[in-house]
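Asks: Residue 635 is where the sequence shown starts when you use the numbering used here, and the numbers rise one by one after that.
Positions of the beta carbon are idealized from the N, C-alpha and C atoms, including for glycine.
Let me begin by handing over the structure; questions about it come next.
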Amino acid sequence: MTDSNNSTTTTTTNNNNNNNNTITARETPGGPPPGLGTLGKLRWGAKHPPADPTVSFAGKTVLVTGANTGLGFEAAVKYARLGASRLILGVRSADKGEAAKQRIVQLSGRRDDDFFITVLLVDMAHFDSVRAFVQALGRATPRLDVALLNAGLANPSFQQSAAGWEMALQVNVLSTALMAVLLLPLLRATAAAETGTPPPTPPHLTFVNSFGHMLAEREWLGPSGSLLELANNREGWDPRKSYATVKLQGMAVMQAVARATTTTTTTSSAEQQQQQQQPEVIVNAVCPSQCKTDLGRQYGLMSKILMAPYQALFARTAEQGARSLVSATALGPESHGRFWHHDILHPIGDLAKDETLMRKAWDEIFQVVVVAQPDLQQILAGQGPQS
């Protein structure tokens, strides 16, 4: 996995790679100028939207969760316009999914005569629904080139899932972790089936995250140092702390899956042996920046009214944010284990750089999810499909 502090830069971004039709990522230059506060960075982001990707997804099967609205919907439209051969929409409501399918066909200018869009149901609030979704996906397609895990929520108050976890923690972290691992057999099988010279770019597994993970503070942690406990504590629950803590745990999930999908090969010459790390699946995270979406749909009318002028100044449109999502799923191996934001491989937050904290966070998440999927470790290690 690439070190997030690596100073190596590349020379192009958002340009098609002639061989693999990928986007070559860079670390600099890009992003807001130094010295800006949070609002200054958001204002800069609103005035400097990301480039609209032009790479082709022809021949690729693409999955987008949370695809019936907001960022997921706009990303699905882009995939359709960019020629995706199969587009699978993961949604909670069949009616909304079918409506989204028709709008995507209309907006993309594609015809659905070949039924290139498939709608599959998933409720991220329930582990069983995630398991059933991945099984249905395996029946619907023999390959998966892109998985964009976009489904998520933000709540104004503490709500608990049926499994006993705070709802944003359940949806954005625990169920997303389960889905990511369960998708690995199909992603790995797709990678194994590909041949060619030069080797084709591996499939992509992209987590939609946020710069909000950088806002989490170490002082919030209790004596146990547990992010899971912090996120699931009803007493003193705060939506701002919840958002940042959930996003930080999402980074821990991404890093863990990236580690699990990194392979080491040894090459020998007459003089020496060299080890090289390459991803089986390109795993990364992406931040679309603040966007005008219905992510805060659970908030009251007054909050939404007050948010309107704020979003006018500091938020990108959903279409602009979706540009980052789609481009993240076309990046090369240099993006493996990295954070794509403002069209660069952006530095991650200090707590996300704390390997001890992030591994502890993943261990806690793993211990929850493995109850729902006992062979989780075997799947993660590539030792067999889910049961």
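Hey, which unbroken runs of the beta strand (DSSP E) at 3 residues or more fall wholly within the region 742-801?
Replies: Fully enclosed beta strand (DSSP E) runs of 3 or longer: 751-755 and 780-783.
Asks: In chain order, what residues of the same chain lie with their CB nearer than 6 Å to the CB of F973, ignoring the 5 residues before and after it?
Replies: Here the set comprises A919, H980 and I982.
Asks: When you compare the CB positions of T695 and D779, do they come within less than 7 Å of one another, or not?
Replies: Against a cut-off of 7 Å, the Cβ pair of D779 and T695 comes out as a contact.
Asks: Can you round the beta-carbon distance between V842 and G786 to whole angstroms, since I take them to be within the 8 Å contact cut?
Replies: Yes, V842 and G786 are in contact; Cβ-Cβ is about 7 Å, under 8 Å.
Asks: Tell me whether Q740 sits in a helix, a strand or coil according to DSSP, three-state version.
Replies: Helix.
Asks: Would DSSP call P833 helix, strand or coil?
Replies: DSSP places P833 in coil when its eight states are reduced to three.
Asks: Roughly how far, in whole angstroms, is the beta-carbon of A802 from the beta-carbon of V880, given that I think they are within contact range, below 8 Å?
Replies: 5 Å between Cβ atoms; contact.
Asks: So who's on the other strand from R950, going by DSSP bridges?
Replies: In the DSSP output, where bridge partners are listed per residue, R950 has C925.
Asks: Report the residue ranges of all alpha helix (DSSP H) runs contained in full by the region 853-908; include only those spanning at least 4 residues, in chain order.
Replies: Taking only runs of at least 4 residues, the alpha helix (DSSP H) segments lying wholly in the region 853-908 are 861-865 and 873-894.
Asks: So what's V815 in DSSP terms, helix, strand or just coil?
Replies: The answer is helix: DSSP assigns V815 an H, G or I state.
Asks: At which residues does the beta strand (DSSP E) containing D722 begin and terminate?
Replies: First, the residue type needs correcting, since residue 722 is Ile and not Asp in the sequence shown. That run of the beta strand (DSSP E) goes R720 to V725.
Asks: Figure out for me which residue from H847, V756 and E851 has the closest Cα to the Cα of V805.
Replies: For V805, the nearest C-alpha among the options comes from V756.
Asks: Are the CB atoms of I978 and E661 within a distance shorter than 7 Å?
Replies: In contact: E661 and I978 (Cβ atoms closer than 7 Å).
Asks: Put N806 into one of helix, strand or coil per three-state DSSP.
Replies: Helix, per DSSP.
Asks: Would the beta-carbon of V1002 fall within 7 Å of that of L1010?
Replies: Not closer than 7 Å, so no.
Asks: To the nearest angstrom, how far is the alpha carbon of N784 from that of P776?
Replies: Computed Cα separation, rounded: 22 Å.
Asks: For R715 versus S742, is the C-beta distance shorter than 7 Å?
Replies: For R715 and S742, yes; Cβs fall inside 7 Å.
Asks: CA-CA distance, A710 and T658?
Replies: Their Cα atoms are separated by approximately 22 Å.
Asks: To which residues of the same chain is Y877 closer than 7 Å at the C-beta, ignoring the five residues directly before and after it?
Replies: Closer than 7 Å at Cβ, skipping near neighbours: A788 and G846.
Asks: Please classify P913: does DSSP put it in a helix, a strand, or coil?
Replies: In the structure shown, P913 sits in a strand (DSSP, three-state: E or B).
Asks: Hey, out of I751, G772, M888 and G704, whose CA is closest to S719's CA?
Replies: Considering only alpha carbons, the answer is I751.
Asks: When you compare the CB positions of W678 and P666, do they come within less than 7 Å of one another, or not?
Replies: Yes; because the gap between Cβ atoms is below 7 Å, this pair is in contact.
Asks: Can the beta-carbon of G971 be found closer than 7 Å to that of A892?
Replies: Cβ distance < 7 Å, so G971 and A892 count as in contact.
Asks: Please report the distance separating the alpha-carbon of T899 from that of Q740.
Replies: Roughly 46 Å between the two C-alpha positions.
Asks: Quick check on the DSSP output: the beta strand (DSSP E) that includes G1014 runs from which residue to which?
Replies: The residue asked about is misnamed: residue 1014 is Leu in this sequence, not Gly. L1014 -> not in any beta strand (DSSP E); alpha helix (DSSP H) instead, spanning L1010 to L1014.
Asks: If you follow the alpha helix (DSSP H) that L673 is in, where does it begin and where does it stop?
Replies: It spans T672 to K681 - the alpha helix (DSSP H) in which L673 sits, taken as one unbroken run.
Asks: For A850, which of helix, strand or coil comes out of DSSP?
Replies: Correct three-state label for A850: coil.
Asks: Measure the C-alpha to C-alpha separation of A986 and M848 and round it to an integer number of angstroms.
Replies: Answer to the nearest angstrom: the Cα atoms are 8 Å apart.
Asks: In the DSSP assignment, what residue or residues form a beta bridge with H838?
Replies: Its beta-bridge partners are V780 and I916.
Asks: Quick check on V689: does DSSP put it in helix, strand or coil?
Replies: In the structure shown, V689 sits in coil (DSSP, three-state: anything other than H, G, I, E or B).
Asks: Where R744 and G955 are concerned, what is the direct C-alpha to C-alpha distance, given to the nearest angstrom?
Replies: Approximately 22 Å, taken between the alpha carbons.
Asks: Quick check: A865 and L817, are their CB atoms within less than 7 Å of each other?
Replies: It is not a contact, given that the beta carbons lie outside the stated cut-off.
Asks: How big is the Cα-Cα spacing for T645 and T951?
Replies: Because the pLDDT of T645 is 31, which lies under 50, any placement of that residue in the model is unreliable, and the number read from its coordinates should be weighed accordingly. Spanning the two alpha carbons is a distance of roughly 28 Å.
Asks: Counting along the chain, where does the alpha helix (DSSP H) carrying F1000 start and finish?
Replies: E989 to A1006 is the extent of the alpha helix (DSSP H) around F1000.
Asks: Buried or exposed for L812, please, with buried defined as at least 16 other CB atoms from any protein chain shown within 10 angstroms of its CB.
Replies: Buried.
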